[in-house]
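Visitor:
Protein chains: 2
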Amino acid sequence: MPYSKQHKQQTREKILHSAFNLFTAKGFDGVTVNQLMQSCKLTRGAFYAHFTSKADLYSEVIKHSASSSKLAELKPDDVTDKQWLGELLDGYLSIEHVNGTTPCPLAFLATDIVTRDIGARLAYANAYQGMNQAVINFANSYTECDPRQVLALTAMIIGAVAIARTMDDQQAIISLLNACRSEAGLKLGGI
Amino acid sequence: MPYSKQHKQQTREKILHSAFNLFTAKGFDGVTVNQLMQSCKLTRGAFYAHFTSKADLYSEVIKHSASSSKLAELKPDDVTDKQWLGELLDGYLSIEHVNGTTPCPLAFLATDIVTRDIGARLAYANAYQGMNQAVINFANSYTECDPRQVLALTAMIIGAVAIARTMDDQQAIISLLNACRSEAGLKLGGI
DNA sequence: AATAAGATATGATAAAGGTCATATTAAAAT
DNA sequence: ATTTTAATATGACCTTTATCATATCTTATT
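Which chain is which? The protein sequence lines are A and B, in order.
Straight run, no breaks: the first sequence in our numbering ends on number 1614.
Straight run, no breaks: the second sequence in our numbering ends on number 1614.
1. Should A/K1493 be counted as a contact of the ligand HEM given a C-beta to heavy atom distance under 7 Å?
2. Please report whether the beta-carbon of A/A1442 lies at a distance below 8 Å from any beta-carbon of chain B.
3. Can you give the Cα-Cα distance for A/L1512 and B/A1583, rounded to whole angstroms?
4. For B/G1450 and chain A, any beta-carbon pair shorter than 8 Å?
5. Just the C-alpha distance for A/N1549 and A/I1581, rounded to the nearest angstrom, thanks.
6. Would DSSP call B/F1451 helix, strand or coil?
7. Could one say the Cβ of B/A1546 lies closer than 8 Å to chain A's Cβ atoms, at least one of them?
8. Should A/D1535 go down as buried or exposed, given a rule of 16 or more other Cβ atoms within 10 Å for buried?
9. Going along the stretch 1507 to 1539 of chain A in order, which residues come within less than 7 Å of chain B, judged by CB to CB distance?
10. Do you know offhand how far A/T1538's Cα is from A/D1501's?
11. Note down the Cα distance separating A/F1470 from A/R1435, rounded to an integer number of angstroms.
12. So, does the CB of A/I1596 fall closer than 8 Å to a CB anywhere in chain B?
13. What separation, rounded to the nearest whole angstrom, lies between the Cα atoms of B/A1585 and A/M1579?
14. For A/P1425, count the other beta carbons within 10 Å of its own beta carbon; 16 or more makes it buried, fewer makes it exposed. Which is it?
15. Kindly say whether B/Y1481, judged by its beta-carbon, lies nearer than 8 Å to any beta-carbon of chain A.
16. Would you report the Cα separation of A/H1520 and A/P1526, rounded to the nearest angstrom?
17. Cutting at 7 Å between CB atoms, please list the residues of its own chain near A/V1454, excluding the five before and the five after it.
18. Mind checking whether A/A1595 and A/G1523 have CB atoms under 8 Å apart?
19. Output needed in chain order: residues of the stretch 1451 to 1464 of chain B with a Cβ under 9 Å from some Cβ in chain A.
20. Where does A/T1538 fall in DSSP's three states?
21. When you compare only the Cα positions, how much space is there between A/A1567 and B/Y1565?
22. Starting from the Cα of A/I1541, find the closest Cα among B/T1589, B/D1452, B/H1440 and give me that residue.
23. At a Cβ threshold of 8 Å, is A/A1557 touching chain B?
24. Using a Cβ-Cβ cutoff of less than 7 Å, which residues in the same chain neighbour A/A1533 once the five nearest sequence positions on both sides are dropped?
25. Below 8 Å on C-beta distance, what does B/C1603 contact in chain A?
26. With distance defined between alpha-carbon atoms, name the residue in A/C1463, A/H1430, A/Q1433 nearest to A/A1442.
27. Quick one: which unbroken beta strand (DSSP E) runs of 3-plus residues sit fully inside the stretch 1442 to 1518 of chain B? Chain order, please.
28. Please list, in chain order, the chain B residues whose beta carbon lies closer than 7 Å to that of A/A1585.
29. Comparing the C-beta of B/T1589 with each C-beta of chain A, is any distance below 8 Å?
30. Under 7 Å Cβ-Cβ, which residues of chain A neighbour B/E1496?
If you want it as structure tokens, here you go:
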């Protein structure tokens, strides 16, 4: 048998990883299969040994992104839920996030996802629910937290990052992110 | 001279109008010049008598949308600024809006705009500033209003509509819209 | 080293779509 | 009615791109 057992799996992961970065940066239509595979140092022909179609890949990428998100990271033991939530917010509402290091698909693909197939939309919905639930869980550990307020909060931070990405004025981006960070802190019991 | 003086202008408006609906529904790449012109009962050849390119049209559409937005409508005299702002929020955070009657490009094109040329992005930035300023103006007429809070507010409602459009669960959409409507009301002095 | 199974590369295909050159048509002015 | 000018339609071109069939290469196992 050729290639080590995990070889294909590794290639698949590499494709998913590259695809995640490319799709979040340029949207579904802004990425070609060729581009994607070249960014993996492969050629387009190999793609179809891993995914049945580009649309299929898109769903898989969004599903996969959940496991590689910051929310999936373990909270260090010496950090309280409250502190951790604050750090997550700091990262989410940061210039680095807007610039595309560890992009959140919820913000980066919000309007892109609307016209995709049901698989992609379901994966997106899942990720969205995951984010809301995570915030609720962290917040509930130290304060009374209304799930309805969390919906408003996540809409705000997702919206903020999505809008920030459209802007060229760095100062305006910072203002927007800071404004939302303050609001979020207030809503979550002063963090 | 053929055709009445305003004929071309009218056709141009028709194209802009159709393009606005199509682009907000399907994104830039989701619309073909052919589709667009057919929806105007014209053929693609005529397009280039009105716009130099599809990308050019996109900028023009976003610029044009400002003048046809609800914000551009005159506020009736028998309605206070406070009431009017409340009605604008009601409309913005409504199922009808999410379904695409009178779509707001800020929410419908948020991630689509990121990869477009500078003209489109500037037009978007303009519209965004217009929305923030409008909220500030209306709110200031009856309450003290922190511009930073307005940034958080518009991020929230734009985000809410963008996210709502990705969802299939109608009940979840309603919950999201209602949650944001409540929050917005609180932030704007109880409306 | 040889083999075989499977991963990757190559070349081809077909469809889609933006754009333009050219033809046609509509209607205002004479 | 004819003319003229600009708007619209038609046909073509060329590029891009997803996908697939087939060829080639890799490497674990023998």
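From the three backbone atoms N, C-alpha and C, an ideal C-beta is built for every residue, glycine too.
These numbers were taken from a predicted model, which means no experiment stands behind them.
Guide: Well, looking at it:
1. The ligand HEM is not part of this structure, which contains no ligands at all.
2. no
3. 18 Å
4. yes
5. 15 Å
6. coil
7. no
8. buried
9. F1531, L1532, A1533, T1534, D1535, I1536, V1537, T1538
10. 43 Å
11. 9 Å
12. no
13. 11 Å
14. exposed
15. no
16. 6 Å
17. L1445, F1446
18. no
19. F1451, D1452, G1453
20. helix
21. What sits at residue 1567 of chain A in the sequence shown is Glu, not Ala. Spanning the two alpha carbons is a distance of roughly 32 Å.
22. B/T1589
23. no
24. I1581, A1585
25. L1574, A1575, A1578
26. A/C1463
27. none
28. A1533, T1534, G1582, A1585
29. yes
30. Correct list: empty, because the minimum Cβ distance to chain A is about 23 Å.
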